[in-house]
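Enquirer: So for the sequence shown, my numbering puts the first residue at 29; every next one is plus one.
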Amino acid sequence: MSERQEEKTSTNGNQGPGAPLVSIVIPALNEEGNITRLEKELLAVVNTLPYRFEFIVVDNSSTDQTGELFKTICARDPRWKYLRFSRNFTVEMSITAGYHYSSGDAIIVLYSDLQDPPDVIPKFLEKWREGYDVVYGVRTVRTGDARWRNRAVKIAYRLIGWFSDVPIPNDIQRDNKFLFAPAEALYLDGYDHSSALDDRS
Numbered sequence: 029m030s031e032r033q034e035e036k037t038s039t040n041g042n043q044g045p046g047a048p049l050v051s052i053v054i055p056a057l058n059e060e061g062n063i064t065r066l067e068k069e070l071l072a073v074v075n076t077l078p079y080r081f082e083f084i085v086v087d088n089s090s091t092d093q094t095g096e097l098f099k100t101i102c103a104r105d106p107r108w109k110y111l112r113f114s115r116n117f118t119v120e121m122s123i124t125a126g127y128h129y130s131s132g133d134a135i136i137v138l139y140s141d142l143q144d145p146p147d148v149i150p151k152f153l154e155k156w157r158e159g160y161d162v163v164y165g166v167r168t169v170r171t172g173d174a175r176w177r178n179r180a181v182k183i184a185y186r187l188i189g190w191f192s193d194v195p196i197p198n199d200i201q202r203d204n205k206f207l208f209a210p211a212e213a214l215y216l217d218g219y220d221h222s223s224a225l226d227d228r229s
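#1: Apart from the five residues on each side of it in sequence, which residues of its chain come closer than 6 Å, Cβ to Cβ, to Leu138?
#2: If the criterion is Cβ atoms closer than 8 Å, does the pair Glu59 and Thr94 meet it?
#3: Three-state secondary structure (DSSP) at Phe81?
#4: Which of the three DSSP states, helix, strand or coil, is assigned to Ala47?
#5: In the DSSP assignment, find the beta strand (DSSP E) that holds Leu111 and state where it starts and stops.
#6: How about the stretch 111-126 and the stretch 82-89: do they share at least three Cβ pairs that are nearer than 8 Å?
#7: Grab me the residues of Leu49's own chain with a C-beta within less than 6 Å of its C-beta, minus the 5 sequence neighbours each way, in chain order.
#8: Determine the DSSP secondary structure at Asp161, reduced to helix, strand or coil.
#9: Determine whether the beta carbon atoms of Lys109 and Tyr127 lie at a separation below 8 Å.
#10: Buried or exposed: where does Glu82 fall if 16 or more other Cβ atoms within 10 Å of its Cβ makes it buried?
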């Protein structure tokens, strides 16, 4: 990683200090036009929930104002963390990096282009509280998804299937990019995260 904001976490609203911590991993690449709306819609949902939240933004070396906008958010809300790759390392590596720097009891992947609706988060967390280990949502139609991105998402969720105890079916890998899982399901003993995250390679 070439840049990283200081790790900080705080509570907000009805999110007491003993509440479970949920990490939301947000891969980003040249999303300056979506960031203000993303923050507004995401916080409108999570600030009503009885959980603590942290938001891990992984910037895949954006060339627009994505980094500056997210840094501004981090400065006013200590729940946000900002990570930036020194060059483009693909979507799947952004997700992997987000997992590596997450501190939560559970992890949600949410893309910054808002193709994934934040208002689904309460339903995911409800299923988690019911005892499900992995929860995924399937979107059959996406607006404006490039072919390379669909391929990257498929690879990313195959990666998640390898690292978790609950394999994700191939048809879900093809259609899904919104996933929730408890942290322990995504961190297997013996997996060396550091080797996957060295951006000098």
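Each residue gets a CB set at the ideal place from its N, CA and C atoms; glycine is no exception.
Expert: Answer, in terms of the structure:
#1: Ile52, Ile54, Asp144
#2: yes
#3: strand
#4: coil
#5: 108-112
#6: yes
#7: Arg80, Gly132, Asp133
#8: coil
#9: no
#10: buried
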